[in-house]
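Right, one structure below, let's go through it.
Chains as they are written, first to last, in our numbering: chain A, 1 to 269; chain B, 1001 to 1283.
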């Protein structure tokens, strides 16, 4: 693990698209319990279009539960999840078609080829075969895997698989992209590639991104930040403001102050 | 509620072609996966063939079969158990696809299916159809080998048995799906084999006609009569000879609907999955 690059509190956050009336993602008053254990408690925040929002939390903070609720794998017990104004409970079809997801565990068919994996995903979104083939070829070209299109996914490296999963998540042209700790298990170079690729999507295509992580060095000053700890949102807003309000110097120390944590191993929380 | 919860609900829906694309995509993927797992295909074929070549040969002299519908003459034991073995292929296939659903859920693959914007009942139905299509491949491969073993139903029977196989495949697949929704971990699946597959297979008309069971134990006879698998076997048996067993058809159709509704209900996010805890990945 590399030493995290500290982010100065004084850095101004980049200009944001304030004009957008409807947030890409609205989480409002979400609570969720597994029996007596409360995984999420009154969680509220928004992700704007063309913004990069980092969801920072330790393992067990509730990030994956939140992702399962947003993607409708779990039913919502209390609160509201909206994707561009579409209620995930009331109108899941419209909400899910605007959503692309990269889950933390790998979800590719290892014995199928890259193209076959993409075509299967396109079919799940009702995209015709011809259109799907064209989009797959284009996306594979963009992630630099065009020459591997017919290979089995099993033969790819971890970083290549992640890039393929991101390409797959973009196949149906979503406007909101969720990524659940997408760099786990990747080497430094692959991590940097993935992060810059996703940031490019934000600036060039105006996609709203929610990036769950426990690694401070993946967060930059221009991002929005949501700090999730033991199921509760401790702080949210532009990175600079969160750091300033916590009276800290950087994300790292802000997180420590907010959570009251004592030690911090490596670049992770 | 604050302003962030602005809801603009103008559903655009999906055209019929999108549903068809989705269905063909899911069937295509199951087919590809099946072709990649040659050992699964081989074992799916070897299992009934062992019963046919060894068990049936051994029991040929022990069990005399009288003339019972749909057969019009005395038949060899091999001929009698062939429809039961066809149903057995589908029973194993149904349970195996449910096993793969548990595996997919643990490994996360299930998520790619369930985050599709198409209605969830439709996705699960496609999954069932895909599993049934795979079982049809296995059954017809078995029929080809059985034909070489002198099990020769009327040529038209190969066609008339198809709808029966589709229905029985859907019934056994949806039963598997229903069971899979209740299995928390992969390890629990061995229990399903013992408590579902074997009792269903043995307490049925697959291996012996029910009148023979009745002679031995009237109670077991009633159990066999109540077993949906018995009716799947009889539906296939009659259809293979160009006939319809109406009672079996009614039972299999009803069970298919009940199991399917149960499975769709169990996979509804607001009831089933979210209650148990995070699936795959922590946090």
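Here a beta-carbon is modelled for each residue, glycine too, at the ideal position from N, C-alpha and C.
In this text, all values refer to a predicted model and were calculated from it rather than measured experimentally.
### Task
Pick helix, strand or coil for residue 200(A), following the three-state DSSP scheme.
Here residue 200(A) refers to the residue found at position 200 of the first chain. Of the three classes helix, strand and coil, the one that applies to residue 200(A) here is helix, per DSSP.
### Message
On the criterion of 16 or more Cβ atoms from any shown chain inside 10 Å, does residue 1066(B) qualify as buried, or is it exposed?
### Response
Within the second chain, residue 1066(B) is the residue found at index 66, counting from 1. Result: exposed.
### Task
Indicate whether residue 45(A) and residue 27(A) have their beta-carbon atoms separated by less than 8 Å.
The sequence position of residue 45(A) within the first chain is 45, counting from 1. The sequence position of residue 27(A) within the first chain is 27, counting from 1. At the C-beta level, residue 45(A) and residue 27(A) come within 8 Å of one another.
#### Entry: Best match in 98(A), 70(A), 168(A), 92(A) for proximity to residue 113(A) [C-alpha to C-alpha]
In the first chain, the residue the question calls residue 113(A) occupies position 113. When each option's Cα is compared against that of residue 113(A), the closest is 168(A).
### Query
Which class does residue 75(A) belong to by DSSP, given the choice of helix, strand or coil?
Looking up residue 75(A) in the first chain gives position 75. If DSSP states are grouped into helix, strand and coil, residue 75(A) belongs with coil.
### Task
Would you kindly check if the distance between the Cβ of residue 1133(B) and the Cβ of residue 1232(B) is under 8 Å?
As a first step, residue 1232(B) is located in the second chain; it is residue number 232 there, counting from the start. As a first step, residue 1133(B) is located in the second chain; it is residue number 133 there, counting from the start. Taking C-beta atoms as the reference points, residue 1232(B) and residue 1133(B) fail to come closer than 8 Å.
### Message
Can you check which of these residues, 1079(B), 1226(B), 1137(B), is closest to residue 1090(B) by C-alpha distance?
### Response
As a position in the second chain, residue 1090(B) is number 90, starting the count at 1. Taking only the C-alpha atoms, the option nearest residue 1090(B) is 1137(B).
### Query
According to a CB-to-CB cut-off of less than 9 Å, which residues of the segment 1013-1042 of chain B neighbour chain A?
Result list: 1013, 1014, 1015, 1017, 1018, 1019, 1020, 1021, 1022, 1023, 1024, 1025, 1026, 1028, 1029, 1032, 1033, 1036, 1037.
### Task
Using alpha carbons as the reference points, say which of 1051(B), 1035(B), 1139(B), 1172(B) lies closest to residue 981(B).
Here chain B has residues from 1001 to 1283 only, and residue 981(B) is not among them.
### Task
Indicate whether at least one CB of chain B lies closer than 8 Å to the CB of residue 107(A).
Against the first chain, residue 107(A) aligns to sequence position 107. Residue 107(A) counts as touching chain B.
### Query
Given that residue 259(A) touches chain E, what residues does it touch there, using C-beta distances under 8 Å?
Looking at the structure shown, chain E is missing, and the protein chains on hand are A and B.
### Query
Would you say residue 1080(B) touches the ligand ZN, meaning its beta carbon is less than 7 Å from a heavy atom?
With respect to the ligand ZN, the structure shown offers nothing to examine, as it has no ligands at all.
### Message
For residue 1118(B) and residue 1022(B), which I take to be in contact (beta-carbon distance under 8 Å), what is that distance rounded to the nearest angstrom?
### Response
Counted from its first residue, the second chain places residue 1118(B) at position 118. Counted from its first residue, the second chain places residue 1022(B) at position 22. Between residue 1118(B) and residue 1022(B) a beta carbon distance of about 5 Å is seen, short of the 8 Å cut, so the two are scored as contacting.
### Query
How big is the Cα-Cα spacing for residue 1156(B) and residue 1242(B)?
As a working mapping, residue 1156(B) is identified with position 156 in the second chain. As a working mapping, residue 1242(B) is identified with position 242 in the second chain. Answer to the nearest angstrom: the Cα atoms are 7 Å apart.
### Message
Rounded to whole angstroms, what is the Cα-Cα separation between residue 1249(B) and residue 179(A)?
### Response
Along the second chain, one-based indexing puts residue 1249(B) at 249. Along the first chain, one-based indexing puts residue 179(A) at 179. Distance between the alpha carbons of residue 1249(B) and residue 179(A): 48 Å.
### Query
When DSSP labels each residue in this structure, what does residue 249(A) get in the three-state scheme?
Here residue 249(A) corresponds to residue number 249 of the first chain, with the count starting at 1. Per DSSP, reduced to three states, the secondary structure at residue 249(A) is coil, with no helix or strand assignment.
### CB contact below 8 Å: residue 1129(B) versus chain A
Here residue 1129(B) corresponds to residue number 129 of the second chain, with the count starting at 1. Answer no: the Cβ-Cβ gap between residue 1129(B) and chain A never drops below 8 Å.
### Task
Label residue 269(A) either buried or exposed according to how many other C-beta atoms from any shown protein chain fall within 10 Å of its C-beta, with 16 as the threshold for buried.
In the first chain, residue 269(A) corresponds to position 269, counting from 1. Because residue 269(A) sits at a pLDDT of 46, beneath the cut-off of 50, its placement in the model cannot be relied upon, and the following sentence gives the value as read from the coordinates. Under this definition residue 269(A) is a buried residue.
### Query
Does any CB atom of chain B fall closer than 8 Å to the CB of residue 116(A)?
As a working note, residue 116(A) is residue 116 in the first chain. Closer than 8 Å: yes.
### Host beta strand (DSSP E) of residue 211(A) (start-end)
Within the first chain, numbered from 1, the residue matching residue 211(A) stands at position 211. Per DSSP, residue 211(A) belongs to the beta strand (DSSP E) from 208-213.
#### Entry: Status (buried if at least 16 other CB within 10 Å, exposed otherwise) for residue 1267(B)
Position 267 of the second chain, counting from 1, holds the residue named residue 1267(B). The Cβ neighbour count for residue 1267(B), taken over all protein chains shown within 10 Å, is at least 16; the residue is labelled buried.
### Query
Tell me which same chain residues have a C-beta within less than 6 Å of the C-beta of residue 212(A), skipping the five on either side of it?
Translated into the one-based positions of the first chain, residue 212(A) becomes position 212. Cβ within range, chain order: 55, 63, 180, 181.
### Task
Taking only beta carbons into account, state which residues of the segment 64-77 of chain A come closer than 7 Å to chain B, listed in chain order.
Listed in sequence order: 64, 65, 68, 71, 72, 73, 74, 75.
### Through-space distance from residue 1151(B) to residue 1074(B), alpha-carbon basis
Within the second chain, numbered from 1, the residue matching residue 1074(B) stands at position 74. Within the second chain, numbered from 1, the residue matching residue 1151(B) stands at position 151. About 13 Å.
### Query
Does any CB atom of chain A fall closer than 8 Å to the CB of residue 1166(B)?
By one-based count along the second chain, residue 1166(B) stands at place 166. Output row for residue 1166(B): interface = no.
### Query
Since residue 52(A) sits in a beta bridge, which residues does DSSP pair it with?
Position 52 of the first chain, counted from the first residue, corresponds to residue 52(A). According to DSSP, residue 52(A) bridges with 209(A).
#### Entry: In DSSP terms, what residue 180(A) is bridged to
Residue mapping note: residue 180(A) aligns to position 180 of the first chain, counting from 1. Assignment of beta-bridge partners to residue 180(A) by DSSP yields 212(A).
### Task
Kindly say whether residue 101(A), judged by its beta-carbon, lies nearer than 8 Å to any beta-carbon of chain B.
Stepping through the first chain from its first residue, residue 101(A) is reached at position 101. Chain B, which has a Cβ nearer than 8 Å to the Cβ of residue 101(A), makes this yes.
### Message
Measuring straight from C-alpha to C-alpha, what distance separates residue 215(A) and residue 225(A)?
### Response
One-based indexing of the first chain puts residue 215(A) at position 215. One-based indexing of the first chain puts residue 225(A) at position 225. Pairing residue 215(A) with residue 225(A), the inter-Cα distance amounts to about 12 Å.
### Task
Could you check the C-alpha separation between residue 230(A) and residue 258(A) for me, to the nearest Å?
Against the first chain, residue 230(A) aligns to sequence position 230. Against the first chain, residue 258(A) aligns to sequence position 258. Between residue 230(A) and residue 258(A), the C-alpha separation is close to 12 Å.
### Message
My assumption, with CB atoms under 8 Å, is that residue 1098(B) sits in contact with residue 1180(B). Please give the rounded CB distance.
### Response
Here residue 1098(B) corresponds to residue number 98 of the second chain, with the count starting at 1. Here residue 1180(B) corresponds to residue number 180 of the second chain, with the count starting at 1. Contact holds; Cβ gap of about 4 Å.
### Query
Which residues bound the alpha helix (DSSP H) around residue 1025(B)?
Walking along the second chain from the start, residue 1025(B) turns up at place 25. Bounds of the alpha helix (DSSP H) holding residue 1025(B) are 1016-1036.
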